[in-house]
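Reading through the structure tokens given below for one structure.
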Ligand SMILES: Nc1ncnc2c1ncn2[C@@H]1O[C@H](COP(=O)(O)OP(=O)(O)O)[C@@H](O)[C@H]1O
Ligand SMILES: [Mg+2]
């Protein structure tokens, strides 16, 4: 049983502050994913939790203990590193059993735990090989096996899949999810890949420049991004953003485009306010190729620049109010480049952001 | 014309072959040949007096030779082990230093820059029983009131020589091991910390296997050096007094140039070379095994 609590955690490298007083509560058994662009302080945060990096300010609590000054070995955590960090001079079996050997467990117990881990991760066939003789995916599994043999309170993953090819990555993603179901433990997982974050997380924590921008379930952050950064970072393709201004009971955009104010925002915006309208490709679709729209909608004519057929859907790259935007076509047909189509914009699914603060006005 | 028939590649490397032959092969063959003669420097005509393996038999039967042989092995074993442990310690300390490390590394190399002859004279003075630094210091501090015969007593003289050797060459180990420490990837060490290792356990299970190849490279280089040691001993004690510190090459040097028995000296030299070859092969085997262990070689 272990929760992890970060209270006002700060990290300085010399004069440079790279993590600015972040707060995070991770419940027991929760799968939390820290996601953000590279250099935003995810690894640093994770390494502070692991005890590999000193803490410049604040408090980290694992279980019921403040661990600020405990070395990694006294925190009962396991970590999977981006480059696997296997011990090259040990066989897979020795790699897996190393932590137990260090903990002076007896050999029968070590063998049992190692066998168990090797079964969970299907490593039985490679037990006597050294890491140098394994493929990337196998090394990755050894790294995970090494983490699970100890039955730690908390698992820490630092971009564990970023060195794998796309197919293997998708496969390992599922395995990690299964692993979490099998061995109920708290997991803190770092990635810059929002797809991993969306698919794995119970809760997503989005970081930027050493701050936490937003946290919530994958659907929450997907549907209600707190600002334009989250809106464009989470979800693929990213949310379309159109800068404009509030007029009399309408939104005005460059090029003379006029749209109604989405109903949720009617009472929030003031005339003359600079805003950014945000909507996802799923909510702007050619008439006849869209899903049913419950509330208000707007019809817009646009000519398609490029189309990307993906099979069950086609992505359409178009221009609107001087901005490149992406629309989606379900039940696709072949679209000629330059063809003009009429699109339906689902206003009920739109977000409005303040142009100055970039924050969601909701 | 003959050279027209020679292939071009051979013509191109011919100058190199000639030079190598002149500076390496011919002297080598000459000394090998002379070890089968009763060649004496004072009587050049003896160079053609073929006596077969007589010199070798004489060497193998000679108590003086085997005493020097044994002493060389002892010298080598003690000096190398001391240098290894001190060098390792020094490298570990220096690798922890964050400020001024570059300067420390340079200072560390100073002893290596001295000629062994100079080091020999320096320690000959330091350990001199009458005017030496050590005895003076001990006497002024009241720790001793007699003149300790540092370079005269058998054990003390051996100690003094080893001390000088270690002083001069520990940094060879330190520098090679330091290079090894710098080459260790960060990740496995962090993984070891997370896996529960104390600093000592990290060192024992992760750091040490990684620097083993470097230790063996240093061992191989230094065993060759020490098996051929000559100058320091020659200067400090001249193998004496009464052969108490006689090692192989002081014995060979004396036999060849002082006693002028060049043929015999060369024969002893060739027997001694096996010692150097043995240690070199031994440490290279170890080196390769350590590299295989790390998955660096097969
Ligand atoms: N040892 C260090 N010294 C100075 N700056 C560092 C150090 N490690 C990381 N940083 C800086 O801290 C910031 C966050 O790094 P990191 O946590 O590794 O980002 P990421 O989110 O990509 O994992 C980066 O700007 C990086 O340059
Ligand atoms: Mg990182």
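Chains as they are written, first to last, in our numbering: chain U, 1 to 362; chain C, 1001 to 1298. We put the CB at the ideal spot given by N, CA and C, even for glycine.
Is it buried or exposed for residue i, if we count other Cβ within 10 angstroms and need 16 for buried?
| i | result |
| --- | --- |
| residue 27 of chain U | exposed |
| residue 1165 of chain C | buried |
| residue 346 of chain U | buried |
| residue 225 of chain U | buried |
| residue 250 of chain U | exposed |
| residue 1075 of chain C | buried |
| residue 342 of chain U | exposed |
| residue 280 of chain U | buried |
| residue 151 of chain U | exposed |
| residue 1044 of chain C | exposed |
| residue 176 of chain U | buried |
| residue 109 of chain U | exposed |
| residue 87 of chain U | buried |
| residue 201 of chain U | buried |
| residue 1099 of chain C | exposed |
| residue 149 of chain U | buried |
| residue 344 of chain U | buried |
| residue 194 of chain U | buried |
Leaving out five residues before and five after residue i in sequence, what residues of the same chain have Cβ atoms less than 7 Å from its Cβ?
| i | result |
| --- | --- |
| residue 1263 of chain C | 1034, 1035, 1037, 1038, 1039, 1055 |
| residue 2 of chain U | 28, 62, 63, 153, 154, 186 |
| residue 1244 of chain C | 1154, 1157 |
| residue 355 of chain U | 243, 274, 275, 276 |
| residue 372 of chain U | An answer regarding residue 372 of chain U cannot be provided, because it is not within the stretch 1 to 362 covered by chain U. |
| residue 166 of chain U | none |
Which same chain residues, not among the five before or five after residue i, have their C-beta less than 6 Å away from its C-beta?
| i | result |
| --- | --- |
| residue 158 of chain U | 43, 46, 81, 82, 190 |
| residue 210 of chain U | 18, 19, 20, 41 |
| residue 1272 of chain C | 1248 |
| residue 349 of chain U | 283 |
| residue 198 of chain U | 218 |
| residue 1137 of chain C | none |
Considering only the beta carbon of each residue, do residue i and residue j sit closer than 9 Å?
| i | j | result |
| --- | --- | --- |
| residue 84 of chain U | residue 1195 of chain C | no |
| residue 271 of chain U | residue 247 of chain U | yes |
| residue 1285 of chain C | residue 52 of chain U | no |
| residue 1110 of chain C | residue 1171 of chain C | yes |
| residue 59 of chain U | residue 112 of chain U | no |
| residue 156 of chain U | residue 172 of chain U | no |
| residue 285 of chain U | residue 36 of chain U | no |
| residue 308 of chain U | residue 340 of chain U | no |
| residue 79 of chain U | residue 1191 of chain C | yes |
| residue 1241 of chain C | residue 1293 of chain C | no |
| residue 91 of chain U | residue 129 of chain U | yes |
| residue 1295 of chain C | residue 170 of chain U | no |
| residue 1266 of chain C | residue 1032 of chain C | yes |
Rounded to the nearest angstrom, how far is the Cβ of residue i from that of residue j, given a contact under 8 Å?
| i | j | result |
| --- | --- | --- |
| residue 337 of chain U | residue 305 of chain U | 7 Å |
| residue 1287 of chain C | residue 1216 of chain C | 4 Å |
| residue 1211 of chain C | residue 1175 of chain C | Not really, about 12 Å apart at Cβ, beyond 8 Å. |
| residue 212 of chain U | residue 22 of chain U | 5 Å |
| residue 314 of chain U | residue 329 of chain U | 4 Å |
| residue 141 of chain U | residue 164 of chain U | Their Cβ separation, rounded to whole angstroms, is 11 Å, which puts residue 141 of chain U and residue 164 of chain U out of contact at 8 Å. |
| residue 204 of chain U | residue 33 of chain U | 5 Å |
| residue 1224 of chain C | residue 1239 of chain C | Contact doesn't hold; Cβ gap of about 20 Å is too wide. |
| residue 1235 of chain C | residue 1121 of chain C | 6 Å |
| residue 96 of chain U | residue 145 of chain U | 5 Å |
| residue 259 of chain U | residue 298 of chain U | 5 Å |
| residue 263 of chain U | residue 296 of chain U | 6 Å |
For residue i, which residues in the same chain have their Cβ closer than 8 Å to its Cβ, ignoring the five residues on either side in sequence?
| i | result |
| --- | --- |
| residue 1228 of chain C | 1249, 1276 |
| residue 1078 of chain C | 1162 |
| residue 1126 of chain C | 1132, 1133, 1134 |
| residue 241 of chain U | 228, 231, 232, 276, 277, 278, 323, 353 |
| residue 1168 of chain C | 1111, 1112, 1114, 1116, 1119, 1232 |
| residue 269 of chain U | 246, 261, 275, 352, 361 |
| residue 1108 of chain C | 1090, 1094, 1171, 1174, 1175 |
| residue 984 of chain C | The structure shown has nothing for residue 984 of chain C, since chain C only spans 1001 to 1298. |
| residue 1197 of chain C | 1205, 1206 |
| residue 1084 of chain C | 1173, 1215, 1218, 1219 |
| residue 1130 of chain C | 1147 |
| residue 50 of chain U | 72, 75, 77, 79, 156 |
Check the Cβ-Cβ distances between residue i and every residue of chain A, and say whether any is below 9 Å.
| i | result |
| --- | --- |
| residue 1207 of chain C | You won't find chain A in this structure, because its protein chains are U and C. |
When a residue counts only if its C-beta is closer than 5 Å to some heavy atom of ligand 3, which residues count, in chain order? Here the bound small molecules are ligand 1 and ligand 2; ligand 3 is not part of this structure.
Any chance you could list the beta strand (DSSP E) runs of at least 3 consecutive residues sitting entirely within the segment 179-238 of chain U, in chain order? 186-191, 203-208, 211-216
Those runs of the alpha helix (DSSP H) which lie wholly inside the segment 1085-1145 of chain C and span at least 4 residues: 1101-1108, 1110-1113, 1116-1126, 1133-1140
Every unbroken alpha helix (DSSP H) within the segment 1143-1198 of chain C, with a cutoff of 4 residues, ordered by chain: Those alpha helix (DSSP H) runs which fall completely within the segment 1143-1198 of chain C and span 4+ residues are 1154-1183, 1186-1194.
Can you check the segment 234-286 of chain U for any beta strand (DSSP E) of at least 3 residues that lies completely inside it and give the ranges in chain order? Within the segment 234-286 of chain U, the complete beta strand (DSSP E) segments of 3 residues or longer fall at 240-246, 250-253, 258-260, 274-279, 284-286, listed in chain order.
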